[in-house]
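K.L.:
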Amino acid sequence: MFRSVAAGAIAPAAQEGDEEEDESLITESLSASIDDQGAIAPAAQERDEEDKSLITEILTISPAKSLDTRVACLIAWASDDIDRVNYFEPSMVRIGPFHRQDPSQQSADRMEQKKKRVLPGLLASNEQDEAGRREELRSHLEAMESVERVARRCYNRSFGWMTSKEYAHMLLLDGCFLYSRFVSAAGIGDDIAVDRDVIFLLENQIPFFVLEEIHRQLIKTGRVQDTSPGAVLDEVAKRVRRVLQRNNYIALGNVNVPSSHPSPCHLLHLLYMYFTPTLGRVPATPAPAGRPGSIAWFISIVDTNGNRAGPPLQGQPTNNNNNNNTSDPVLPQVRWRTATQYYAAGVGFVKRKLGDQGARCILDVELTVGWLTGGTLHVPCLTIDINTFRMLRNMVALEQKSLQQTSQSSHVTAYCLFLSQIAGTKEDVELLVSKGIIAHLLRSIDDVAQGLAGLCSAVVFDVDNPDLNYLSSKHKALEPLYHSNWGRAIAWLWHVKCDNPLKALAVLAAVVVSIVTVLQLVFAGLSYGRGN
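Under UniProt numbering, residues 1 to 532 are what the sequence shown spells out, in order.
(1) To the nearest angstrom, how far is it from the Cα of D195 to the Cα of T425?
(2) If I measure Cβ to Cβ from K115 and keep anything under 6 angstroms in the same chain, skipping five residues before and after, which residues do I get?
(3) Secondary structure at T413, three-state DSSP: helix, strand or coil?
(4) Can G375 and V347 be called in contact, C-beta distance under 8 angstroms?
(5) Tell me whether S263 is buried or exposed, calling it buried when 16 or more other Cβ atoms sit within 10 Å of its Cβ.
(6) Output yes or no for whether 8 angstroms exceeds the beta carbon distance between C416 and L455.
(7) Is the beta carbon of V147 closer than 8 angstroms to that of F209?
(8) Would you kindly report the start and end of the unbroken alpha helix (DSSP H) that includes L377?
(9) Are I422 and T338 closer than 8 angstroms when you measure CB to CB?
(10) Would you tell me roughly how many angstroms separate the C-alpha atoms of F461 and E166, rounded to the nearest one?
(11) Kindly list the residues whose CB is nearer than 8 angstroms to the CB of R110, restricted to its own chain and excluding five residues on each side of it in sequence; keep chain order.
(12) Taking 8 angstroms as the threshold (C-beta atoms), are A78 and N394 in contact?
(13) Is F351 helix, strand or coil when you go by DSSP?
(14) Could you tell me which of N204, H483, Y482 sits nearest to I95, measuring between CA atoms?
(15) Look at the Cβ atom of F159, then the Cβ atom of R239, and state whether they are nearer than 8 angstroms.
(16) What number of angstroms, rounded off, separates the C-alpha of S184 from the C-alpha of R216?
(17) Have a look at V463 and R100 and give me their C-alpha separation to the nearest angstrom.
(18) For I192, which three-state DSSP category applies?
(19) Which residues bound the alpha helix (DSSP H) around V118?
(20) Measure the C-alpha to C-alpha separation of G230 and H266 and round it to an integer number of angstroms.
(21) Tell me whether P90 is buried or exposed, calling it buried when 16 or more other Cβ atoms sit within 10 Å of its Cβ.
(22) Taking DSSP's pairing of strands, which residues face T368 in a bridge?
(23) Can you give me the Cβ contacts of Y249 inside the same chain, cut-off strictly under 6 angstroms, excluding the 5 residues immediately before and after it?
(24) Helix, strand or coil for L74 per DSSP?
(25) Would you say F418 and W336 are within 8 angstroms of each other, going by their C-beta atoms?
(26) Could you check how far apart the C-beta atoms of E145 and S164 are, in whole angstroms? I think they sit under 8 angstroms.
(27) Taking Cβ positions, are Q400 and T413 nearer each other than 8 angstroms?
(28) Here's a check: name, in chain order, each residue in its chain whose Cβ is nearer than 6 angstroms to the Cβ of K435, leaving out the five neighbours to either side.
(29) List the whole-angstrom C-beta distance separating L354 from A237, where the pair is believed to meet the contact cut-off of C-beta under 8 angstroms.
(30) Looking at S125 and R138, is the spacing between their C-beta atoms short of 8 angstroms?
(31) Quick one: using the 10 Å Cβ neighbour count with 16 as the cut-off for buried, is P120 buried or exposed?
(32) How many whole angstroms separate the CB atoms of residue 541 and L201, which I take to be in contact at a CB cut-off of 8 angstroms?
(33) Look at Y470 and H411 and say whether their C-beta atoms are less than 8 angstroms apart.
(34) Assuming I206 contacts G175 (C-beta within less than 8 angstroms), just tell me the rounded distance between them.
(35) Mind checking who Y155 pairs with in its DSSP beta bridge?
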């Protein structure tokens, strides 16, 4: 009974305790939930604000500038390479909007002040006629304002931070500076540092028609009398051609001024027009057909289009469908091999003179193949100074980023790829220097090799497309020569055993003695046969 009563008394107490604990737990849970909601609410609010900010930014962002396809060659930002200061940025004179300074910096810039001093010299009015000179300047500014919208379309950026007035002022100052330097009879003398900035740099350009518009304005005022079409282009082309010929980049003769229809888009585009490989070829040394089994038959005969006669060389795949050889096929060689590798395989390097047999510029690389020796690469000499890499890399950038689809070409890129891969090491450069193919004015061979190796840094290029890579046929033709055991044997004999006149005479004497010995054996055998 006692136990029963006790149990009955404990049960309600336990029940009450459980209910209190449950209520406490629920209360704690609810309070915790409220606290969590209080902590989450600000975070959620912040996320909502961030989302709204992102949505607003996306909806209000200005659309990307649509490129004007009527412009054959845009003026573009060249590269974000870490070495862009050395290759793509002007060091003395700034032309165009890409490197435009703010007015506070311009007032202290010596070249900006020089631009302003050039402009009065192009005015026709007398210095005492201030009103007339003001009217002339106002007329020139109005002419630049009339072409301002068209000039903006020649760039791959809009430069919205410049007003129309500021843009027109820039075109007038920069255009008159270039006109006085390249066209005016009282032009400034040669200065390679200035030429380097205004001709070689893609980002440092203004449209060429600005110079032509300035010329038309000067004709109206009577300051200029030459009204012939293409007068501006002819004068500028003379200056550009002189810069190129002074550095032996193009031939002294057999180089025509580019046609005035269409006109170049800017000065670098005009310079680029001179770097066009010719279609002419160095005549190849004829090879005897030979009978099957003879030495001439076993030597690979390769023409400049990559075609070959005779059996496949070692390491080259065969087109014979009946061949049951299960060995792995040889993968095509994408890269050019180095100059030392080609040389060890019997490929020779010969300096090709500009103007000789149609060679007009440094891009005219040709390949000939002889029946006894391997192929020979005829390469014009490249004179390398501090500006050479700057010029080549900017023309590569022009091909990669500026040329529109209607005028797409990549022959300078193909040439630079060729140079960067065959002459990317110190040993390769030393070999090509000894052959007269490279002449440099830099501090060391290492600097030359480093500069050549970086010519096509971060460049995307379809090497197998013959429309883009004008050297693809030469590259393919060199592969069988590189794998030729005969060529390697001849190269070893020539480079190792005949590397000086005394060794060459000794080898020649040994060959003569061997031939005489063989002839003696033959005649002795014939005499023995007749005696029997």
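Ideal Cβ placement from N, Cα and C applies to all residues, glycine included.
P.N.:
According to the structure shown:
(1) 30 angstroms
(2) L173, F177
(3) helix
(4) yes
(5) buried
(6) yes
(7) yes
(8) Run containing L377: none in the alpha helix (DSSP H); it sits in the beta strand (DSSP E), 375-380.
(9) yes
(10) 38 angstroms
(11) none
(12) yes
(13) In the sequence as displayed, the identity of residue 351 is Lys instead of Phe. Strand.
(14) N204
(15) no
(16) 13 angstroms
(17) 37 angstroms
(18) helix
(19) 110-118
(20) 14 angstroms
(21) buried
(22) T376
(23) I362
(24) coil
(25) yes
(26) 7 angstroms
(27) yes
(28) F349
(29) Actually they do not touch by this definition, with Cβ atoms about 18 angstroms apart.
(30) no
(31) exposed
(32) Outside the displayed range of the chain (1 to 532) lies residue 541, so it cannot be described from this structure.
(33) yes
(34) 6 angstroms
(35) I75
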